[in-house]
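Here is the structure we will look at, set down as structure tokens.
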Amino acid sequence: MAGKKKGQPKVTKAKAQAQAALGGPNRFGGVIAEDFLPELRYPQAAVTYNEMRKNSPVIGGFLRAIESAFRSTTWKSVPYDNSSVGYARAGFLQETIEDTNRPWSDIMSDILTFLPFGFSFNEMVFKLREGSDGHPTSKFRDGKVGFKDFVLIPHDSIIEWIYDEPNEPDELIGVRQLVMNGGFGDGRGGTADVPLNKSLLFRTRAEKNSPEGESVLRQAYRPWYYMSNLEAVEAISLERTGAGIPVLHLPPGATTKAEAGNLSDIEVAKQIVRQVRVDEQGGIVEPDGWSFRLEMSKGLRPELFDLAIKRHRANILMSVLAVFLELGTARVGSFATAKSGRSYFENSLEGYVKIVEDVFNLCAVPLLFELNGITDGQLPKLTHTTFAGEGMVETVESVLKLLEAGLLDTDKAVLSEYLSDILHLPRGATITEQRIHEPHSEGHDKEEEEEETEEPTPTVNTNGATVAG
27 MAGKKKGQPK VTKAKAQAQA ALGGPNRFGG VIAEDFLPEL RYPQAAVTYN EMRKNSPVIG
87 GFLRAIESAF RSTTWKSVPY DNSSVGYARA GFLQETIEDT NRPWSDIMSD ILTFLPFGFS
147 FNEMVFKLRE GSDGHPTSKF RDGKVGFKDF VLIPHDSIIE WIYDEPNEPD ELIGVRQLVM
207 NGGFGDGRGG TADVPLNKSL LFRTRAEKNS PEGESVLRQA YRPWYYMSNL EAVEAISLER
267 TGAGIPVLHL PPGATTKAEA GNLSDIEVAK QIVRQVRVDE QGGIVEPDGW SFRLEMSKGL
327 RPELFDLAIK RHRANILMSV LAVFLELGTA RVGSFATAKS GRSYFENSLE GYVKIVEDVF
387 NLCAVPLLFE LNGITDGQLP KLTHTTFAGE GMVETVESVL KLLEAGLLDT DKAVLSEYLS
447 DILHLPRGAT ITEQRIHEPH SEGHDKEEEE EETEEPTPTV NTNGATVAG
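Below, the structure is given as structure tokens:
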């Protein structure tokens, strides 16, 4: 409980701003050691999670569903106010995300790796907009600075996190990457330090402010581990149960390894029972006195393996709020349950896309405008279209009821944009694009006209930094 108590020193402004406790994750230098399982600590965690997402159809299907939803999401900029300057800045931001050197959906796909791996570290690379003959090329020729790419730092190439020690030991300032031979383009290898102030760090969670977050597959690891092993045992069991266990009886006087080495009767018999298969090449030649038969297994029934595997599969889907993906594979559940499960999944998607949106607005947008000489803090924001699945009909019905009750302003074009997006209907120019090109009204007062002057044109000095012109 905060408050002044007898015998305690007074809290001054200086003391209030100082941090007495040491926070942050458990780490040894730049290596994070938060997870109690060694295989889920980086760099080994990158190998484990990569195997989970690529080898498991259950996990792969869940991640593919999220990626498809993200790729279909509409991203657009929102002005900070209704002034022409606000709309002009929002239009510029919209231009930059549509002028990257690869599709925006591909960039989103890279960023989404923060879900299976817990984090995604992407370096922001900028470019001068010098038209089609520039290097790199751009759709615009105004000399402004725009986004070129958001380069994903491969998770398995990160060897340590860089902290501001000894000044601010809790403050992350970058990441150290191991570059293989030839990675620098001239045959060299080594390490590269990527600064955080020029990068974007996406995390699923920020517990203890750990830069590694927590993979959405973390709680799925245990059932995935058991399921993978059970599937391997099941395959062997089915093979032995279906064909039987080979038994080879040798006649009296059969040679042993001590007598004839690897060509002895007993060694040949071992090789036969190991390699026998029921296929088009299968067959046994019985020498005189030898006898071969297949014994049926008296172990666990194969259906018991199937029950255990299904239980672990359900636990995996439950851990990622994607139980609805199991519909059609089980004979239990109701439509209402399925609809509720899908709703939870869509809500989790909203949470994930909000993480991406917040990081862009906090880090990428301010740096973009700073490089273009705008530092007044009046910046647009990047936003997204709300995910809409089977609730489209309910959404339209709700809007119609609100319109009938007079609770919605039908003159607002943003409502039309929103409905067009969630219903996947075509629409014309966005509000931002319309306001950029509309003529100024004559009723502006002098102060408003001064505020809505032309944006400063950026120039580039000799060391590559941009300043306002």
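Using my numbering, you'd call the opening residue of the sequence shown number 27 and step up by one each time. Note that CB positions come from ideal geometry on N, CA and C, so glycine has one too.
Quick one: what's got a C-beta closer than 6 Å to residue i's C-beta in the same chain, skipping five residues either side?
i	result
Pro-105	Gly-112, Tyr-113, Ala-116, Pro-406
Asn-52	Ala-59, Glu-60
Phe-386	Leu-408
Ala-91	none
Arg-155	Ser-164, Phe-166, Asp-168, Lys-170, Gly-172
Starting from residue i and walking both ways along the beta strand (DSSP E), at which residues does that stretch end?
i	result
Gly-50	First-last for Gly-50: undefined, no H or E at that position.
Thr-99	Segment: none, Thr-99 is in no beta strand (DSSP E) and carries neither H nor E.
Gln-203	194-205
Val-177	167-178
Arg-319	317-321
Ile-188	184-190
Val-242	Premise fails: Val-242 is in no beta strand (DSSP E) and is neither H nor E.
His-275	271-275
Closest to residue i by CA distance: which of the options is it?
i	options	result
Leu-89	Asp-136, Thr-100, Ala-47, Asn-235	Asp-136
Ile-179	Asp-219, Leu-333, Leu-48, Lys-234	Asp-219
Ser-254	Ile-85, Ile-92, Phe-318	Ile-85
Lys-80	Asp-402, Met-322, Tyr-189, Trp-250	Trp-250
Thr-230	Tyr-378, Leu-433, Asp-384, Glu-420	Tyr-378
Met-150	His-410, Leu-394, Leu-276	Leu-394
Leu-119	Ile-133, Ser-103, Ser-109	Ser-103
Gly-49	Thr-421, Lys-283, Ala-232	Ala-232
Asn-193	Pro-313, Gln-45, Ser-110, Met-344	Gln-45
Pro-313	Glu-285, His-275, Val-299	His-275
Gly-87	Lys-36, Asp-196, Leu-243, Gly-144	Leu-243
Phe-145	Val-37, Val-422, Tyr-75	Tyr-75
Ile-133	Thr-163, Ser-110, Arg-97	Arg-97
Ala-390	Arg-248, Leu-222, Arg-128	Leu-222
Trp-187	Leu-63, Val-57, Thr-163	Val-57
Arg-128	Lys-36, Thr-163, Val-311, Val-382	Thr-163
Pro-195	Phe-54, Gly-309, Glu-430, Asn-288	Phe-54
Val-302	Gly-270, Gly-287, Phe-331	Gly-270
Excluding the five sequence neighbours on either side, which residues of its own chain have a C-beta within less than 8 Å of the C-beta of residue i, listed in chain order?
i	result
Gly-354	With a pLDDT of 49 at Gly-354, under the threshold of 50, the predicted position of this residue should be treated as unreliable, and no value is reported.
Thr-217	Ile-185, Arg-202, Gln-203, Leu-204, Val-205
Glu-497	Only positions 27 to 495 of the chain appear in the structure, and residue 497 is not among them; the question remains open.
Ala-42	none
Lys-283	Ser-290, Ile-292, Glu-293
Lys-39	none
Ile-381	Phe-140, Phe-228, Arg-229, Thr-230
Could you give the residue range of the alpha helix (DSSP H) that holds residue i?
i	result
Trp-130	130-137
Leu-394	391-397
Gln-120	110-123
Pro-142	140-143
Thr-230	Note, Thr-230: premise wrong, no alpha helix (DSSP H); not H, not E.
Lys-39	39-43
Ile-292	291-301
Lys-407	Where Lys-407 is concerned, there is no enclosing alpha helix (DSSP H), although the beta strand (DSSP E) it sits in stretches over 407-410.
Thr-74	70-81
Ala-280	Here Ala-280 belongs to no alpha helix (DSSP H), and DSSP marks it neither H nor E.
Is residue j closer than 7 Å to residue i when the C-beta atoms are compared?
i	j	result
Ser-225	Pro-142	no
Val-171	Leu-397	yes
Leu-138	Glu-93	yes
Ile-342	Ala-261	no
Lys-174	Phe-152	yes
Thr-411	Thr-126	no
Val-273	Glu-321	yes
His-181	Ala-72	yes
Phe-140	Phe-228	yes
Leu-426	Leu-434	no
Give me, in chain order, the residues of the same chain whose beta-carbon lies closer than 7 Å to that of residue i; leave out the 5 immediate sequence neighbours on both sides.
i	result
Ala-334	Leu-256
Pro-277	Gly-315, Trp-316
Ser-467	Per-residue confidence for Ser-467 stands at a pLDDT of 39, beneath the threshold of 50, marking its modelled position as unreliable; the derived number appears in the next sentence. Closer than 7 Å at Cβ, skipping near neighbours: no residue.
Ala-280	Asp-291, Ile-292
Glu-197	Tyr-189, Asp-190
Pro-392	Leu-405
Arg-319	Val-273
Less than 6 Å between the CB of residue i and some heavy atom of the ligand NAP, yes or no?
i	result
Val-220	Absent from the structure shown: the ligand NAP. Ligands present: none.
With a threshold of 7 Å between beta-carbons, can residue i be considered close to chain D, or not?
i	result
Lys-283	Absent from the structure is chain D; it holds one protein chain and no more.
- Query: So does the segment 152-162 actually touch the segment 190-202, counting three or more Cβ pairs closer than 8 Å?
  - Reply: no
- Please confirm if the segment 286-305 is in contact with the segment 328-340, defined as three or more CB-CB distances below 8 Å between the two stretches. no
- Determine contact between the segment 234-249 and the segment 56-68, defined as no fewer than three beta-carbon pairs at a distance below 8 Å. Note that the segment 234-249 touches the segment 56-68; at least 3 beta-carbon pairs, one per stretch, sit closer than 8 Å.
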